[in-house]
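Colleague:
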Amino acid sequence: MPVQNIKQYLNKEISSALKECSGIQSSNANVTTSSRPEFGDYQANGVMSVAKQLSANPRELALKVIDYLEDNSIALIEAIEVAGPGFINIRLRERSVLSMANDLLSGKNDAISATDSPMKVVVDYSSPNLAKEMHVGHLRGTIIGDSIVRILEKEGHEVIRQNHVGDWGTQFGMLISFMQEIKRSDTENIPKELSDLEKFYTAAKARFDSDESFSSASRQAVVKLQSGDPNHRAIWEEFIETSLLHCDAIYKKLNVTLSRTDLDSESRYNDILEKIIEDLERKGLVTESDGAKCVFLPEFIGKDGDTLPIIIQKSDGGYLYSTTDLAAIKLRSEQMMADRALYVVDARQSLHFKQVFALAKSAEIASNNISLEHIAYGTMMGADGRPFRTRSGDTVKLIDLLDESIARAYDLVTEKNSSLGETERREIAEIVGIGSVKYAELSKSRTSDYVFDWSSMLSFEGNTAPYLLYAFARITSLISKSSESNSPMAISLISADEERSLLIKILQFPEIVNTVSTDCYPNLLCNYLYELAGIFMRFYEACPILKADKLIKISRLALASLTATTLKEGLDLLGIETLEKM
RNA sequence: GCGCCCGUAGCUCAACCGGAUAGAGCACCUGCCUUCUAAGCAGGGGGUUGGAGGUUCGAGUCCUCCCGGGCGCGCCA
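Numbering (the numbering used here), first residue to last: 6 to 587.
#1: For alanine 5, which of helix, strand or coil comes out of DSSP?
#2: Pull up the distance between the alpha-carbon of isoleucine 480 and that of phenylalanine 358, whole angstroms please.
#3: Helix, strand or coil: which one does DSSP assign to leucine 377?
#4: Between the Cα of serine 320 and those of Leu579, Asp454, Glu435 and Gly296, spot the shortest distance and give me the residue it belongs to.
#5: Of the choices Gly171, His169, Tyr47 and Ser122, whose alpha-carbon is the least far from that of glutamate 158?
#6: Rounding to the nearest angstrom, what Cα-Cα distance links valine 291 and methionine 179 in this structure?
#7: Just the C-alpha distance for leucine 572 and serine 40, rounded to the nearest angstrom, thanks.
#8: From which residue to which residue does the beta strand (DSSP E) around cysteine 299 run?
#9: Rounded to whole angstroms, what's the CA-CA distance from arginine 212 to serine 182? Just pull it up for me.
#10: Three-state secondary structure (DSSP) at isoleucine 29?
#11: Roughly how many angstroms lie between the CA atoms of aspartate 416 and glutamate 503, to the nearest whole one?
#12: Taking only the alpha-carbon atoms, compute the straight-line gap between alanine 495 and asparagine 33 and give it to the nearest angstrom.
#13: Alpha carbon to alpha carbon, what distance is there between isoleucine 517 and glycine 146?
#14: So the alpha helix (DSSP H) lysine 257 belongs to, where does it begin and stop?
#15: Are the region 99-117 and the region 135-144 in contact at 8 Å, needing three or more beta carbon pairs?
#16: Do you know how far the Cα of valine 349 is from the Cα of lysine 113?
#17: Does DSSP put proline 63 in a helix, a strand or coil?
#18: Distance check for leucine 331 and serine 272, CA to CA, integer angstroms please.
#19: Once the 5 residues before and after alanine 254 are set aside, which same chain residues still bring their CB inside 8 Å of it?
#20: Just reading off the alpha helix (DSSP H) that arginine 4 is part of, what are its end residues?
#21: Does the Cβ of isoleucine 85 have 16 or more other Cβ atoms within 10 Å, making it buried, or fewer, making it exposed?
#22: Roughly how many whole angstroms lie between the Cα atoms of alanine 208 and threonine 328?
#23: Roughly how many whole angstroms lie between the Cα atoms of arginine 345 and glutamate 378?
#24: For lysine 15, collect the residues of the same chain with a Cβ closer than 6 Å to its Cβ; drop the 5 residues on either side in sequence, then sort them by chain order.
#25: Mind checking which residues open and close the alpha helix (DSSP H) that includes tyrosine 472?
#26: Mind checking which residues open and close the beta strand (DSSP E) that includes aspartate 454?
#27: Confirm, please, whether the CB-CB distance from cysteine 531 to serine 448 is below 7 Å.
#28: What are the uninterrupted segments assigned as beta strand (DSSP E) that are 3 or more residues long and contained completely in the region 34-121, given in chain order?
#29: Assign aspartate 214 to buried or exposed, taking buried as 16 or more other Cβ atoms, counted over all protein chains shown, within 10 Å of its Cβ.
#30: Helix, strand or coil for threonine 312? Go by DSSP, reduced to three states.
#31: Does the beta-carbon of isoleucine 550, which I'm using as the reference point, lie nearer than 6 Å to any heavy atom of the ligand FMN?
#32: Which parts of the region 143-214 are runs of the alpha helix (DSSP H), unbroken and 4 residues or longer, counting only runs that do not cross its ends?
#33: Which residue or residues does DSSP assign as beta-bridge partners of asparagine 134?
#34: If you draw a straight line from the C-alpha of leucine 578 to the C-alpha of lysine 17, how long is it?
#35: Since alanine 116 and leucine 110 should fall inside the 8 Å C-beta cutoff, what is the C-beta to C-beta distance between them, to a whole number of angstroms?
#36: Considering valine 361, what are the terminal residues of the alpha helix (DSSP H) in which it resides?
Okay, structure coming up:
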């Protein structure tokens, strides 16, 4: 079994050595990559805390661990030594590193191979509200979710995408009522502007907020829709289809893997919502409060120290988000038999999910075998530090942001590379523009709120997608210029520090991917790829390739080629396409 | 009022569940295109990690308090 994940491997080996030397079974070597290059390639930080438990001298314990490891001679390790208060510093053996890399180059091993414990994972993401067009706030969940899905699949898990679109809420009553009003009126100049769903929604909302009789008609309309009235149903279907066409267009443009078959609309649960309520009632969990059906779980305390309700049915008989979510959990647990269900949703909904998950578990709607996880992401803020809006108070349409990014990329490629033909520049602009926007979302830590800013979102310098794409394009160009491109390549020697750092960085790719698939932080993958590209750039500046002696030239070309493969694979996992030229 | 999240360079963000000298990009300054793509590279200035205590070999990270911000808290999703 070849070593794939170096960190994991070292951690396992050193941890067991530490257990052996200390007698403490819970010993963890806590191996990380070295914080400074002069310390080596990896370091073990765990000896000190174990030594404390024994009240032993940490350096002495570290020495014992090293002796033990040397007796068991681990091929990967070239040098190992104690440093500072009890760190263990490790330098990898060049021969082992080269052979690992060459196994990747020859195709003998894959950088990411299928896990031996595949899981069935439901990923609920994107989930726009179909009453309006997608706006910039929908970008984050869509992009992060799509990256997580790609990574899980790459690792060999079975992934079920679920786009839990909002198509069944109160706003549809409002839209239907408004549509009926327009159809009744004979004024020809009111456009039936379903092509601009956003305007239609805004107009309907204005009526809803200003006219009492309209808003109560709207509420009745929802009830009619939900009870299956054919007229209401027909108008509703018109809205949904229009809205889905918008979504399809956005997903296509964004290169997001969602399709119609992944739809998990709220409306599909309509018929079983009643059964969910009955089930909860039978289990004695439901309390009626002010006419609404609620479940009170003692661990949730709200205002004034009262127990917080989970409302599952409104006093007018309507169902809520909580109800459909419970129904979705039931499906995902009982029928899909998922091991994990990931909800990639804005952090502001964390209380909602805590409640729903807790209820699902205690009411046994979800089995004990499913792990329900809210993959929360931070809110997009405006420059004023409040959730993002434009000056007029409207949100920015997602499609406008994407088009702007592509337009700016087009101007830039025209300026940088005017010799390229029109269609080629359009292609480059598309990939650079979309890639930049996606990368801007992915590269920030998932949980923190972040400020929306056109210029940083659409920047093409520094830690951005174009930086990575540029590194890739340089390598493609190199390879196409070399006459050796067809001969089998291998990295035969390391003649410069830059080569060594690049090589080791490449081999760390699986470590990162593995971390992201469990913790769902794609920004770690972005950081990694940025560092990888940065190391490549330095290597490229410092080490001539095509002009080098034949042996070195072939070796460096192979290294560059492996860098390109890694970059491409990584960008692929982020859902970003690569370019041969830019 | 209660709960969750956050406060790191002028700005936007990192920091691998407590590790060694807190890193990038933008902006600013200085170099590098008759040699593999300058969307790049090399270098410079810029920090009491909001403040005060505490825990220990070691704290941006953990605990307490304070200041400041965001979000959530009964019929929206």
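We put the CB at the ideal spot given by N, CA and C, even for glycine. Quantities reported herein were computed from a predicted structural model and do not represent experimental measurements.
Modeller: The answer reads as follows:
#1: Because the chain is modelled from 6 through 587, residue 5 falls outside the range shown and cannot be assessed.
#2: The residue given as residue 480 occupies position 475 in the first sequence. The residue given as residue 358 occupies position 353 in the first sequence. C-alpha separation (whole angstroms): 46 Å.
#3: One-based indexing of the first sequence puts residue 377 at position 372. Here leucine 377 carries a strand assignment [DSSP, helix/strand/coil].
#4: For the purposes of this step, residue 320 is taken as the residue at position 315 of the first sequence. Closest option to serine 320, Cα to Cα, is Gly296.
#5: As a first step, residue 158 is located in the first sequence; it is residue number 153 there, counting from the start. Closest option to glutamate 158, Cα to Cα, is Ser122.
#6: Mapped onto the first sequence, residue 291 falls at position 286. Mapped onto the first sequence, residue 179 falls at position 174. C-alpha separation (whole angstroms): 30 Å.
#7: Residue 572 sits at position 567 when you count from the first residue of the first sequence. Residue 40 sits at position 35 when you count from the first residue of the first sequence. Distance between the alpha carbons of leucine 572 and serine 40: 23 Å.
#8: As a first step, residue 299 must be located in the first sequence, where it is residue number 294. 297-306 is the span of the beta strand (DSSP E), which, as asked, contains cysteine 299.
#9: The residue you call residue 212 lines up with position 207 of the first sequence. The residue you call residue 182 lines up with position 177 of the first sequence. For arginine 212 and serine 182, the distance between alpha carbons rounds to 10 Å.
#10: Locating residue 29 in the first sequence gives position 24, where the first residue counts as 1. The DSSP-derived three-state label of isoleucine 29 is coil.
#11: For the purposes of this step, residue 416 is taken as the residue at position 411 of the first sequence. For the purposes of this step, residue 503 is taken as the residue at position 498 of the first sequence. Whole-angstrom Cα-Cα distance: 34 Å.
#12: Within the first sequence, residue 495 is the residue found at index 490, counting from 1. Within the first sequence, residue 33 is the residue found at index 28, counting from 1. Each residue's Cα considered, the two are about 36 Å apart.
#13: Translated into positions along the first sequence, residue 146 becomes position 141. Translated into positions along the first sequence, residue 517 becomes position 512. Straight-line Cα distance between these residues: approximately 21 Å.
#14: By 1-based counting over the first sequence, the position of residue 257 is 252. Here the alpha helix (DSSP H) through lysine 257 covers 235-259.
#15: no
#16: Position 108 of the first sequence, counted from the start, is the residue given in the question as residue 113. Position 344 of the first sequence, counted from the start, is the residue given in the question as residue 349. Cα-Cα distance, rounded: 36 Å.
#17: Position 58 of the first sequence, counted from the start, is the residue given in the question as residue 63. It is helical.
#18: One-based indexing of the first sequence puts residue 272 at position 267. One-based indexing of the first sequence puts residue 331 at position 326. Answer to the nearest angstrom: the Cα atoms are 13 Å apart.
#19: One-based indexing of the first sequence puts residue 254 at position 249. Within the same chain, alanine 254 has close Cβ partners Ile404.
#20: No statement about residue 4 is possible, as the shown extent of the chain runs from 6 to 587 and does not include it.
#21: Reading the first sequence from its first residue, position 80 is the one you call residue 85. With 16 or more other Cβ atoms within 10 Å, it is buried.
#22: The residue labelled residue 208 in the question sits at position 203 within the first sequence. The residue labelled residue 328 in the question sits at position 323 within the first sequence. C-alpha separation (whole angstroms): 29 Å.
#23: Working through the first sequence from its first residue, we reach residue 345 at position 340. Working through the first sequence from its first residue, we reach residue 378 at position 373. Going by the C-alpha atoms only, they are around 7 Å apart.
#24: Sequence index remark: in the first sequence, residue 15 carries index 10 (1-based). At residue 15 the sequence reads leucine, which differs from the lysine that was named. Val36 and Tyr47, listed in sequence order.
#25: The sequence position of residue 472 within the first sequence is 467, counting from 1. Run containing tyrosine 472: 470-486, per the alpha helix (DSSP H) assignment.
#26: Taking the first residue of the first sequence as position 1, residue 454 is located at position 449. Unbroken run through aspartate 454: none, as it is neither H nor E.
#27: Counting from one through the first sequence, the residue named residue 448 turns up at place 443. Counting from one through the first sequence, the residue named residue 531 turns up at place 526. The answer is yes: Cβ separation under 7 Å.
#28: Within the region 34-121, the complete beta strand (DSSP E) segments at least 3 residues long are 36-38, 47-49, 82-88 and 92-97, listed from N- to C-terminus.
#29: Against the first sequence, residue 214 aligns to sequence position 209. With fewer than 16 other Cβ atoms within 10 Å, it is exposed.
#30: As a working note, residue 312 is residue 307 in the first sequence. If DSSP states are grouped into helix, strand and coil, threonine 312 belongs with the strands.
#31: By its list of ligands, the structure shown contains no ligand whatsoever, and the ligand FMN lies outside what it can speak to.
#32: 144-159 and 175-189
#33: Translated into positions along the first sequence, residue 134 becomes position 129. Paired residues: Gly171.
#34: Here residue 578 refers to the residue found at position 573 when the first sequence is read from its first residue. Here residue 17 refers to the residue found at position 12 when the first sequence is read from its first residue. Rounded to the nearest angstrom, the two C-alpha atoms are 27 Å apart.
#35: Within the first sequence, numbered from 1, the residue matching residue 116 stands at position 111. Within the first sequence, numbered from 1, the residue matching residue 110 stands at position 105. No, alanine 116 and leucine 110 are not in contact; Cβ-Cβ is about 11 Å, not under 8 Å.
#36: In the first sequence, residue 361 corresponds to position 356, counting from 1. Segment 355-367, the alpha helix (DSSP H) holding valine 361.
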